[in-house]
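Read through the structure below, which is laid out as structure tokens, and then see the notes.
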Amino acid sequence: MASAASVEKLVSNPRDDGDLVRPSPNFSPSLWGDIFTSSASLNHNNQLQFYCEEIEALKEEVRRMIVATEPTMAEKLNLIDSIERLGISYHFDKEIDEQLHNFCNAFVQIMENHHHHLHTVALYFRLLRQHGCNISTGIFQRFIGGDGKFKNDVKDDHEGMLSLYEAAHLRTHGEDVLDEALVFTTAHLNSIAPHLSSPFKEQVEHALDQCLQRGVPRVEARRYIALYQDHQSKINDSLLRLAKFDFNLLQMLHRQELTELSRWWKELDLVSKLPYARDRIVECYFWTVGVYFEPQYSRARIMLAKTIAIISVIDDTYDSYGTVDELQIFTDAVQRWDMKEINRLPDYMKISYRALLELYDEYDEELRLQGRSFAVNYAKATMQEIVRSYEKEAKWFIEGYMPPFCDYMANGFITSTYYLLGATSFLGITSATDHTFHWLINKPKIQLANVTICRVIDDVATYEIEKKRGQIATGIECYMKDHGVCEEEAMQEFKKIAENAWKDINGEILKEKSVSMEILKRIVNLSRLIDVVYKHNQDGYTNPEKVLKPLITALLLDSFQS
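With the UniProt record's numbering, the residue at position 222 of the sequence shown is 222, and numbering never jumps.
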């Protein structure tokens with residue numbers, strides 16, 4: 001979420017008379033006006049009661065489908081896949097885990113049964129890997145010829161090719177079969193997509209643009225519900241009704257949360273007091289829905305969204321507004337974390353400093369009642385860390401210093417915000433213990449992969465804008481200098497770094513046993529957000545018109561007809 005303001009960094013006293021010329025704000029205003037500041041339209045008690053009653057009845061019906069013994073394995077896998085893609089699997093976590101555990105134990109039978117089609121085998125592989133079961137790629141051996149390549153006759157199975165494509169994105173390091181599968185299926189699906197019929201055509205085209213493993217779950221569910229109702233031969237009316245009712249009910253909750261956040265943001269009035277900063281509270285909230293959309297994470301979303309909003313303002317202060325001396329004082333004040341320090345700050349910095357300290361006091365008061373004050377201490381430490389790194393980055397920019405690539409990345413991992421947001425995302429998760437935070441702060445491999453994806457994808461997306469504003473201490477520039485390569489080669493290398501980091505994430509989901517899957521999913525979802533928000537090298541947070549506006553509209557404004 002680094003800013004890309006087209007301004008020059010200021011230094012202290014640039015004029016002899018002591019006058020200081022501040023840059024004019026150049027960020028676009030919020031797209032949303034007051035649309036989310038009023039909850040008047042949210043008081044639909046009759047509709048709320050209707051949804052709740054319908055959902056409870058449908059949940060029991062779907063639960064019976066999941067545990068039923070009559071369906072074949074292929075039918076059960078397709079049922080579970082539909083439930084997950086429709087965004088309603090959180091109601092059936094226990095039942096689904098039990099079914100997939102049984103399927104995992106049946107791996108030998110699956111290997112020996114050559115009657116299963118490619119679609120079923122690939123779906124089996126993907127679902128089990130997504131749930132942490134380390135299924136061997138040997139399951140695909142029957143579809144590979146003597147030359148080590150996939151057999152040409154599997155190309156005729158279009159559904160199987162799409163399933164293999166999605167499964168290949170669960171690859172880890174050294175899995176050449178899945179590397180080959182991804183190249184093979186991508187090329188073939190691209191060639192046949194223009195000739196397919198709806199709705200399968202749209203499904204293939206979307207998958208090529210946004211694979212399931214890297215998509216934001218709530219965004220993908222919203223889209224799949226609309227697509228599912230067009231699956232004329234495969235539609236399950238109970239699943240569709242449950243998905244629509246559940247989406248609408250959760251949307252009402254999400255709107256209420258966003259109303260609370262919008263009012264808080266409006267009361268802070270940072271938009272008018274600090275006009276150089278981005279006004280993106282709705283986009284901040286979208287980020288949190290990407291991390292966790294389920295109802296039990298309501299307070300977690302509020303906490304995370306407020307933190308993102310505050311760090312965005314602080315980022316803009318360091319990136320495009322503060323002077324060297326001011327930033328040094330602010331950095332020191334944050335390290336001391338004492339409201340008495342506010343008197344040392346320039347007036348405009350007092351506003352964000354007060355908001356920061358009061359926000360964490362609010363967190364401490366709320367979590368102390370749960371016996372979880374320790375969580376705030378961890379989150380505060382990551383805030384102090386990122387401010388130190390912001391100052392270092394600002395000095396590099398001001399001095400025109402280009403650090404070695406390794407130094408840039410070490411600092412850039414921190415300024416990516418993902419160490420901060422990783423810790424903050426656990427604040428509102430009641431199951432996140434002191435052990436959980438200690439594990440995260442010690443930078444496990446999955447978290448390192450997470451911040452790596454954020455750093456390199458952000459760098460690629462914002463490179464052209466940063467280059468125009470004269471910034472030389474960018475990741476791309478540092479890599480080009482250290483390795484003697486051109487811009488295009490550096491860009492390609494960054495994309496390779498991201499791909500390798502995704503392999504790390506996929507591998508750690510299978511191996512990491514120190515924390516629960518509930519915790520690991522938050523880290524995976526943070527990485528998914530980067531893939532979506534910075535799609536096609538666009539900074540969707542700073543400039544949300546093209547990337548985020550349609551997604552936010554779909555998730556928070558457009559309901560399904562009952």
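Cβ atoms here follow ideal geometry from the backbone N, Cα and C, with glycine treated the same way.
Here's a check: name, in chain order, each residue in its chain whose Cβ is nearer than 6 Å to the Cβ of residue i, leaving out the five neighbours to either side.
i, result
"Ala309", "Ile281, Cys284"
"Phe494", "Val456, Val460"
"Leu182", "Ala168"
"Lys9", "In this predicted model, Lys9 has a pLDDT of only 42, less than 50, meaning its place in the structure is not dependable; the value taken from the coordinates is given anyway. Excluding residues within five positions, the ones whose Cβ falls inside 6 Å are Phe397, Ile398."
"Phe293", "Arg218"
"residue 649", "The structure shown has nothing for residue 649, since the chain only spans 1 to 562."
"Glu362", "none"
"Ala122", "Ser163, Leu164, Ala167"
With a threshold of 7 Å on Cβ separation, who are the neighbours of residue i within its own chain once the five nearest residues in sequence on each side are excluded?
i, result
"Met402", "Ile472, Ala473, Glu477, Cys478, Lys481"
"Leu327", "Tyr318, Glu391, Ala394"
"Arg278", "Ser3, Phe27, Ser312, Asp316, Thr542"
"Lys546", "Gln538"
"Ser298", "Leu253, Glu257"
"Ile329", "Arg344, Leu345"
"Tyr378", "Ala423, Phe437, Ile441"
Closest to residue i by C-alpha separation, out of the options, would be which residue?
i, options, result
"Ala490", "Pro544, Gln141, Phe405", "Phe405"
"Lys151", "Cys133, Arg218, Phe184", "Phe184"
"Thr59", "Arg336, Pro275, Asp246", "The residue asked about is misnamed: residue 59 is Lys in this sequence, not Thr. Among Arg336, Pro275, Asp246, the Cα nearest to that of Lys59 is on Asp246."
"Phe286", "Asn411, Glu98, Leu529, His119", "Leu529"
"Glu267", "Asn236, Ala554, Lys306", "Lys306"
"His188", "Asp157, Ala375, Pro346", "Asp157"
"Ala333", "Lys350, Lys201, Gly322, Gln296", "Lys350"
"Trp396", "Gly475, Arg354, Thr452, Ile465", "Gly475"
"Met409", "Asp458, Cys211, Lys513", "Asp458"
"Leu345", "Ile83, Asn377, Tyr363, Val324", "Val324"
"Ile523", "Leu548, Asn450, Asn500, Lys503", "Asn450"
"Asn500", "Asn45, Ser136, Arg171", "Arg171"
"Ser197", "Gly174, Asp209, Glu159", "Glu159"
"Ala221", "His173, Leu249, Ile83", "Ile83"
"Asn525", "Ile329, Gly371, Gly290, Pro275", "Gly290"
"residue 563", "Cys104, Asp361, Gly148", "There is no way to answer for residue 563, as the model of the chain reaches only from 1 to 562."
"Glu98", "Pro199, Gln384, Ile80", "Ile80"
"Gln296", "Glu518, Gly33, Gly400, Arg63", "Glu518"
"Tyr348", "Glu365, Gly322, Ser373", "Gly322"
"Val177", "Lys201, Lys155, Asp147", "Asp147"
So, is residue i buried or exposed, given that buried needs 16 or more other C-beta atoms within 10 angstroms?
i, result
"Met252", "buried"
"Asn343", "exposed"
"Asp17", "With a pLDDT of 33 at Asp17, under the threshold of 50, the modelled position of this residue cannot be trusted; read the value that follows with caution. So Asp17 counts as exposed."
"Ser41", "With a pLDDT of only 48 at Ser41, under the threshold of 50, the placement of this residue in the model should not be trusted; the figure read from the coordinates follows. So Ser41 ends up on the exposed side."
"Glu466", "buried"
"Gln49", "exposed"
"Leu551", "buried"
"Cys454", "buried"
"Val67", "exposed"
"Lys340", "exposed"
"Lys368", "Checking the sequence, you will find Arg at residue 368 rather than Lys. Its Cβ having fewer than 16 others within 10 Å, Arg368 is exposed."
"Arg336", "exposed"
"Leu557", "exposed"
"Glu70", "exposed"
"Thr553", "exposed"
"Arg255", "buried"
"Asp504", "buried"
"Val108", "exposed"
"Ala300", "buried"
"Lys380", "buried"
"Ser562", "exposed"
"Gln370", "exposed"
"Arg64", "exposed"
"Ser6", "Unreliable placement is indicated for Ser6, whose pLDDT of 34 sits below 50; the coordinate value is still reported in the next sentence. Counting Cβ neighbours within 10 Å, Ser6 comes out exposed, since fewer than 16 surround it."
State the beta-bridge partners of residue i as determined by DSSP.
i, result
"residue 606", "Limits of the chain in this structure are 1 at one end and 562 at the other, which puts residue 606 out of reach."
For residue i, which residues from the same chain have a beta carbon less than 8 Å from its beta carbon, with the 5 sequence-adjacent residues on both sides left out?
i, result
"Trp264", "Lys306"
"Glu205", "Ala193"
"Asn411", "Ser389, Lys392, Glu393, Pro403"
"Leu548", "Glu283, Phe286, Val533, Gly540, Tyr541"
"Leu356", "Ile310, Ile314, Val334, Met383"
Within 7 Å: the Cβ of residue i and any heavy atom of the ligand NAD?
i, result
"Tyr363", "Summarising the ligand content, the structure contains no ligands, and the ligand NAD is consequently not present."
> Okay, do the segment 383-392 and the segment 411-419 touch, 3+ Cβ pairs below 8 Å being the bar?
Replying inline: Result yes; three or more Cβ-Cβ pairs closer than 8 Å.
> Is the segment 499-508 touching the segment 428-437, taking contact as three or more C-beta pairs under 8 Å?
Replying inline: With a cut-off of 8 Å, the segment 428-437 and the segment 499-508 do not count as touching, because too few Cβ pairs lie within range.
>> Any contact between the segment 208-226 and the segment 520-536? By contact I mean 3 or more CB pairs, one from each, below 8 Å.
In response: Contact between the segment 208-226 and the segment 520-536 is present: three or more C-beta pairs spanning the two stretches fall below 8 Å.
>> Would you call the segment 45-55 in contact with the segment 190-197, where contact means no fewer than 3 C-beta pairs closer than 8 Å?
In response: They do not touch, by the three-pair rule.
>> For the pair the segment 93-105 and the segment 233-240, tell me if three or more CB-CB distances fall below 8 Å.
In response: Output reads no: the segment 233-240 does not touch the segment 93-105.
>> Under 8 Å, with one C-beta from each stretch per pair, do the segment 430-447 and the segment 511-525 reach the 3-pair mark?
In response: Yes: the two stretches touch, three or more of their Cβ pairs being nearer than 8 Å.
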